[in-house]
Every structure is written in C-alpha cells, then in structure tokens.
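Data first, discussion second: the structure below is written as structure tokens.
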Amino acid sequence: MGGPPPPPQHSHARGGTREEAVARELAADVLAPAAGAVDATGVLPSGHLDALAAAGLYGLTGPRSSGGLGADVATVAAVVEELAAGDLATTFVWLQHLGVVVRVAAHGPPPVRARLADLCAGRLRAGIALQAAVRPGPPAIRVRPDGGDLVLDGAVPWVTGWGAVDVVLVAARHGDDVVLVLADAVEGPTLAVGSQRMVAVQASATVELRLAGHRVPADRLVHRAPLAGWLAADAATLRVNGSLALGLALRCTRLIGPSPLDGDLAAVRARLDAATPEELPDARAEAAALAHRAAGALVAATGSGAVRAGSDAERTAREAVFLLVFGSRPAIRASLLSRLGAAD
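Letter 6 of the sequence shown, counting from 1, is numbered 28 in this note's numbering, and no numbers are missing.
Below, the structure is given as structure tokens:
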C-alpha cells in the first residue's frame, strides 16, 4: 500500500516576528516530539504549558504595561499556527487563555485587572465557557445578582483545560445582556464537571461544566454587553481560531514535502488575513476543509503505516475531523457542507 512519506525538504519558515520564531522552535523541540505520547495517554504534560509561559506566550495578547507582549492579530495568528503544527492539544488549551487576557485587558474593572500581570506571566491560567450562553434557543446558563454576589445556574458542554486552569471566564445571560464572570476553576457543591470523550485532543481535558446556585463575588464581573452587540462582534474573533486548521495543514505539508498543498496553504492563509467580518465564516470553513484535505493527503502519502493507531497520519486525520466542528457557527457549517459536497 505504499511506503512512508519522504522526509521534509523545506521548513516553511516565513520569517516574521520574534514571537513566531520562538513558537516554531518550541513546537519543533518540545511539542512535536511528544505529540504522539500526549495523544496516546490523554495527558498533557504540565511542562508543555510551563514552556509556553516561560517564553512569554501566555502574555502574547496582553498589554506591555502588565508584562504582556502586546502582539497584533497577525503575530498571534502566526504563533497559533506554528504551535498547532507541533501539538494541537497543547495549543488548544493555551489558546483559551489568550481570549481571557484580551477581555480582561479591554473591559476588566480594577479588581479583575489587578490579576492581569499574573495572567500575562502564566502564573494564573484561564479557560473559557462562552458559547453556551449565546447559542440559539433558551440560554443554557444564566446569572442573577444576589447581595454582593453573582449567582450562576446552568451547564456549559465544552470547557477546555480542566485541571490546567485556575479560573474560567463564564458567559451567562441576564435578560437581554451577556455577562462575563471570572470564576475559580474549583469543584464543589455548586460546581461540578463531567469528562467529555472526544475523537481527538483528549489531553485537552475538555469537560462539561455544571453550575447550580454557584456564587461568585460581584467584583469578578469582567464585562456586560447586549446580546445583539455580542453576536454582531462575534465574527471578528474567528480569524485566530482559523490558525488551528492552518497549523494542522502546515504539519501535513512539512511531513509530505513539497507539493501543491504548499500553495493552497498560502492562499487560504492570505484569504483569512484579508477577510472582512462578513467574509470570515467562509474563510474559516475553507481553512477547516483544507486541513481535512491535507490530512487525507498525508494518510495517502504515508501508506499502510497510516492505519496504525498512534501514527502521525492517523492522529492528524482525527484532529482534522475535530477541527471541522471546533468553534463552528451556522455560517461556517453551511459553507463547509457546501465545500464537502453535502449541501443541497
């Protein structure tokens, strides 16, 4: 059924910023060599996240005044792509943290902003629970004020990094508003989690979060915004998530060697970079479809070895399936179904 793919003959290095170079080195030296073991055991070594913190990458999106790197969107996207090429599970856990840093820096009141330096240094690590409160239908999670506390009730099906994060930024609904609350990631009588078994990135420790009368001090409120405004701004956040799919495609091109996929990757990257908020869902879908196609090409190039559980090709193919649905929106799903030939 064919032999293994040829050895990589090119590095795909694009120059870029110091942060991108640091990410490329970490991915090559720390993440990629252990990626197979991480996938097989379902356990993310704490040393992976510690290495990202030591390199300053937990503060990638943070303001320089708080010890962050103040990176622009292009730099963040390039760093995510390089890390995802090395190990998707590690990158998936770390990426959640960046969104919390951005929101705390932009909106956090003084008691929350006081923790920004610890967030940027990676001494305080964060996850997110944002989409359950804003998806169509009745709110999955609600918040109400009670004395000096905010009380949370409901369930969030996907919270990543449990056991590796200290706090979780929870989005909840109060009337027609979305309220962001920073809650401690500690189980107890009013906060419970259930493990989620996934096709890939099991080491990301993604759980279902259940809250029943869970109290958080009112000074942990990070931001409040009308639901309509939140939904209108959501598309602008999709660019960086697309770099996970680009990173997977980048891994495939490096393992396969020079091929037409190189040009496809550059074109999809350029389209994502240039997309307006209205164009981003379709560009995101194109990135996910490319990762899926590139993973298929890697399987074919690898040959019979690809059907062995634990091979790079087998793991990458499962991760490509995961990225077909990760961070999806109705417009992304519709575009993907069309690209994959399943739309009417």
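Glycine included, every Cβ here is placed at the ideal spot set by N, Cα and C. Model, not experiment: these values are computed from the prediction.
Beta-carbon gap between residue i and residue j smaller than 7 Å
| i | j | result |
| --- | --- | --- |
| GLY144 | ALA100 | no |
| VAL178 | ALA139 | no |
| GLU114 | VAL44 | According to the sequence as given, residue 114 is Phe; it is not Glu. Cβ atoms of PHE114 and VAL44: not closer than 7 Å. |
| HIS119 | ALA162 | no |
| ARG195 | ARG164 | yes |
| ALA111 | LEU231 | no |
| ALA234 | THR212 | yes |
| VAL244 | ARG125 | yes |
| ARG242 | VAL208 | no |
| ASP109 | ALA75 | no |
| LEU320 | ILE354 | no |
| VAL123 | LEU141 | yes |
| VAL343 | VAL221 | yes |
| LEU66 | ALA225 | yes |
| ARG261 | LEU294 | yes |
| GLY84 | GLY78 | no |
| ALA50 | LEU105 | no |
| ALA339 | ALA317 | yes |
Local conformation of residue i per DSSP, three classes
| i | result |
| --- | --- |
| GLU230 | strand |
| PRO26 | The predicted model places PRO26 with a pLDDT of 31, which falls under 50 and marks its position as unreliable; any figure quoted below should be read in that light. Reduced to three states, the DSSP call for PRO26 is coil. |
| ARG371 | Because the chain spans 23 through 366 in this model, residue 371 falls outside it and cannot be assessed. |
| SER360 | helix |
| TRP184 | coil |
| PRO239 | strand |
| PRO179 | strand |
| VAL173 | strand |
| VAL156 | coil |
| ALA207 | coil |
| ARG315 | helix |
| ALA247 | strand |
| SER33 | Confidence at SER33 is low in this model, with a pLDDT of 40, below 50, so its placement is unreliable and the value that follows should be read with caution. It is coil, neither helix nor strand. |
| ARG337 | helix |
| ARG125 | helix |
| ALA365 | coil |
| VAL223 | coil |
| ASP109 | coil |
| ASP199 | strand |
| ARG351 | coil |
| ALA271 | helix |
| ALA22 | The first residue shown for the chain is 23 and the last is 366, placing residue 22 beyond what the model contains. |
| VAL65 | coil |
Continuous beta strand (DSSP E) stretch holding residue i: start and end
| i | result |
| --- | --- |
| ARG195 | 189-196 |
| ALA214 | 213-217 |
| VAL329 | That residue, VAL329, is in no beta strand (DSSP E); it is neither H nor E in DSSP. |
| ARG166 | 163-168 |
Cβ-based neighbour list, residue i, same chain, cut-off 7 Å, excluding 5 preceding and 5 following
| i | result |
| --- | --- |
| SER217 | VAL229 |
| GLU103 | SER265, LEU268, GLY269 and LEU272 |
| VAL156 | ALA193, VAL200, LEU249, TRP252 and LEU253 |
| GLY121 | ILE150 |
| GLY185 | ALA227 |
| LEU346 | ALA310, HIS314 and LEU358 |
Contacting residues, own chain, Cβ-Cβ under 8 Å from residue i (five flanking each side not counted)
| i | result |
| --- | --- |
| ARG86 | GLY92 |
| ASP171 | ARG237, VAL238, PRO239 and ALA240 |
| ALA62 | GLY332 |
| VAL181 | GLY149, ILE150, ALA151, VAL190, VAL215, THR228, VAL229, GLU230 and LEU231 |
Contacting residues, own chain, Cβ-Cβ under 6 Å from residue i (five flanking each side not counted)
| i | result |
| --- | --- |
| ARG246 | ASP199 and VAL201 |
| SER350 | none |
| TRP116 | LEU74 |
| ASP304 | SER357 |
| PRO27 | Note on PRO27: pLDDT 32, under 50, position unreliable in the model; the coordinate value appears next. So the list reads LEU277, ILE278, ALA323 and THR324, once near-sequence residues are dropped. |
| GLY24 | Confidence at GLY24 is low in this model, with a pLDDT of 32, below 50, so its placement is unreliable and no value can be given for it. |
| HIS70 | THR112 |
| LEU53 | GLY108, ASP109 and THR112 |
Residue span of the alpha helix (DSSP H) that contains residue i, given as start and end
| i | result |
| --- | --- |
| ASP51 | Per DSSP, ASP51 belongs to no alpha helix (DSSP H) and is neither H nor E. |
| PRO133 | 132-135 |
| ARG291 | 283-296 |
| ASP444 | Residue numbering for the chain in the displayed model covers 23 to 366; residue 444 lies beyond these limits and cannot be assessed. |
Q: May I ask you to verify whether the region 287-295 touches the region 326-342, counting CB pairs closer than 8 Å and requiring at least 3?
A: The answer is no - the region 326-342 does not touch the region 287-295, with fewer than three Cβ pairs under 8 Å.
(Q) Check whether the region 182-190 and the region 301-320 touch, using three or more Cβ-Cβ pairs below 8 Å as the test. (A) The region 182-190 makes no contact with the region 301-320: fewer than 3 CB pairs, one atom from each, lie closer than 8 Å.
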